[in-house]
Amino acid sequence: MRETFHQELRDLRGDTLRMGEYVIEAVRRATTALAEGDTELAKAVIAGDEAIDALYLDIEARGYSLLAQQQPVAKDLRLILAIVRIIQDLERSGDLAKNIGQIVRSDIQMVKLKPVAETIGQLGLMARDLLSTAMRAFTGKNLLLAQTLDAKDNQIDELYKRLIKELFRLEKESSLELAVNMVLTGRYFERIADHAVNIAIWVAYLITGNLPA
Amino acid sequence: MKNRVEVHDLSAWFDEQQVLFDINVAIEDKCVTAIIGPSGCGKSTFIRCVNRLHETVPGARMSGRVLLDKDDIYAQVVDPVAIRKRIGMVFQRPNPFPTMSIFDNVAAGLKLNGFRRSAELQEIVQRSLEQAALWDQVKDRLGEAGASLSGGQQQRLCIARALAVEPEILLMDEPCSALDPAATQRVEDLLVELQNNYAIVIVTHNMQQAARVSKYTGFFLNGGLIEFDDTSRIFTNPQDKRTEDYITGRFG
Chain A
640 MRETFHQELR DLRGDTLRMG EYVIEAVRRA TTALAEGDTE LAKAVIAGDE AIDALYLDIE
700 ARGYSLLAQQ QPVAKDLRLI LAIVRIIQDL ERSGDLAKNI GQIVRSDIQM VKLKPVAETI
760 GQLGLMARDL LSTAMRAFTG KNLLLAQTLD AKDNQIDELY KRLIKELFRL EKESSLELAV
820 NMVLTGRYFE RIADHAVNIA IWVAYLITGN LPA
Chain B
2 MKNRVEVHDL SAWFDEQQVL FDINVAIEDK CVTAIIGPSG CGKSTFIRCV NRLHETVPGA
62 RMSGRVLLDK DDIYAQVVDP VAIRKRIGMV FQRPNPFPTM SIFDNVAAGL KLNGFRRSAE
122 LQEIVQRSLE QAALWDQVKD RLGEAGASLS GGQQQRLCIA RALAVEPEIL LMDEPCSALD
182 PAATQRVEDL LVELQNNYAI VIVTHNMQQA ARVSKYTGFF LNGGLIEFDD TSRIFTNPQD
242 KRTEDYITGR FG
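Residue numbers (this note's numbering), protein chains in the order written: chain A, 640 to 852; chain B, 2 to 253.
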């Protein structure tokens, strides 16, 4: 009986890792689509969000069933609680990647605005790096790695502020719509990084048992 | 909160076989302390040492000290019967005296202790049955045999019997293992009530029960107390891997 439960728990963890890979890939593709103005790739990101959402609902339902039916304790309990929180942040990150895809699909002419485009591209790379670092910390139960996220997130916040400043400087040559879309994409990447930080917080809980302050 | 019982370096044997090894623990007043661990880990022997029942088994002995309110219950001048009156025990299987009436079952301990005043006896029997949440169900049939009650009611009758002698500490050795879930829940509700007045130690195989009712939990393994901590901590973040493996069902 307990063996079945532990197998289900391993499957749940495996699917969470898979969901993480999907989301990291979505962020990578959204970044590339944006940098290259690739609307086909953007459409693929949008379409791919469905699979992420389905996985989210499936993992969440299984997590709650295990809580109700198996009364897990100790590290098993912490793993399930961490997973049901982590998948929320993954799901939201997937949505944000999809939002970026939608902006690219609506034909954002960002490639024309070089310095700004570079900053946004860099934000995309960093957001993806944070997500994959958080998920690596989850996989390896690596507390030290989880604790590196905060500092990295500060860099992203700085970069986002720089993006806003750059946009102000470009005011004259850019349309209002373009400027808004750029702020939004930058903001979406910045939010993805925040979700990565949340994931790291739940990884730390999983390892230490201390609830986030 | 005040500690009622302190156990220092407690070891116990059955003949040559040592079954407890240097147990050190304190039992706090007005709360439930749960003792968990696999079969044969020494948890029952542990509580039987706390009210001097262990020594009633031929060949059984112990070493170390058990203090009740700082007094050594194993001191030469101490009468073990007086200790068992102060530290009551409820056993795994409901064991009412089968042919005795419900009333006499509850009054048995008092009568054994030479209690004769009948008006006061009535009062104590009623109060004990009320405390055990059984009064309303038996008040009109106090003359019927204890064995006529259901299993869950019999166990609450035994709890009433233990309470009648006005113990200060209540030890319970798997009190719900022979009960169905509804009867178990009533006993658990009762524990929550009783802890307002007693220090309670419950040995249980049911880890969810320990998690539900107790403030502190001790995990025994192979005669040793592996870990003792707040119940919430034991069940969310135990510090010893053996505790974690046991409560998560990875052995035992």
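Where a beta carbon is used, it is the ideal one built from N, C-alpha and C, also for glycine.
On a predicted model such as this, the values are computed, not experimentally measured, just so you know.
Checklist entry - Does the distance from the CB of residue 740(A) to the CB of residue 684(A) come in under 8 Å? => result Against a cut-off of 8 Å, the Cβ pair of residue 684(A) and residue 740(A) comes out as a contact.
Checklist entry - Is the segment 655 to 663 of chain A close to the segment 765 to 775 of chain A, with three or more CB pairs under 8 Å? => result yes
Checklist entry - Can you name the residues that DSSP bridges to residue 762(A)? => result DSSP lists no partner for residue 762(A).
Item to check | Closest Cα partner of residue 169(B) within the set 200(B), 160(B) and 211(B) | outcome: 200(B)
Checklist entry - Quick one: is residue 733(A) buried, meaning 16 or more other Cβ sit within 10 Å of its Cβ, or exposed? => result buried
Item to check | Alpha-carbon to alpha-carbon, residue 214(B) and residue 29(B) | outcome: 14 Å
Next on the checklist: I want to see whether chain B comes within less than 8 Å of residue 688(A), judged by CB atoms only; does it?
Outcome noted: no
Checklist entry - Using the rule of at least 16 other Cβ atoms within 10 Å of the residue's Cβ for burial, across every protein chain shown, is residue 828(A) buried or exposed? => result buried
Checklist entry - Where are the alpha helix (DSSP H) runs, 4 residues long or more, that stay fully inside the segment 18 to 51 of chain B, in chain order? => result 44 to 51
Item to check | Contact with chain A by residue 160(B), beta-carbon distance below 8 Å | outcome: Output row for residue 160(B): interface = no.
Next on the checklist: So, with DSSP's three-state summary, where would you put residue 199(B)?
Outcome noted: coil
Next on the checklist: My parser needs the alpha helix (DSSP H) runs of 4 or more residues fully inside the segment 777 to 830 of chain A; what are they?
Outcome noted: Uninterrupted alpha helix (DSSP H) stretches at least 4 residues long and entirely within the segment 777 to 830 of chain A occur at 782 to 785 and 788 to 808, given in chain order.
Checklist entry - What residues in the segment 750 to 771 of chain A have a beta carbon less than 7 Å from any beta carbon of chain B? => result none
Checklist entry - Rounded to the nearest angstrom, how far is the Cβ of residue 51(B) from that of residue 226(B), given a contact under 8 Å? => result Their Cβ separation, rounded to whole angstroms, is 13 Å, which puts residue 51(B) and residue 226(B) out of contact at 8 Å.
Item to check | Among 64(B), 129(B) and 144(B), nearest to residue 101(B) - alpha-carbon criterion | outcome: With distances taken between CA atoms, residue 101(B) lies nearest to 144(B) out of 64(B), 129(B) and 144(B).
Item to check | Closest residue to residue 212(B) among 237(B), 195(B), 228(B) and 198(B) (Cα-Cα distance) | outcome: 237(B)
Checklist entry - If you drop the 5 nearest sequence neighbours on each side, which residues of the same chain put their C-beta closer than 7 Å to that of residue 680(A)? => result Taken in chain order, the residues that qualify are 668, 671 and 672.
Checklist entry - Start and end of the beta strand (DSSP E) containing residue 61(B)? => result Where residue 61(B) is concerned, the enclosing beta strand (DSSP E) starts and stops at 61 to 69.
Next on the checklist: Does residue 98(B) come out as helix, strand or coil in the three-state DSSP assignment?
Outcome noted: coil
Item to check | Reduced DSSP secondary structure (H/G/I, E/B, other) of residue 167(B) | outcome: coil
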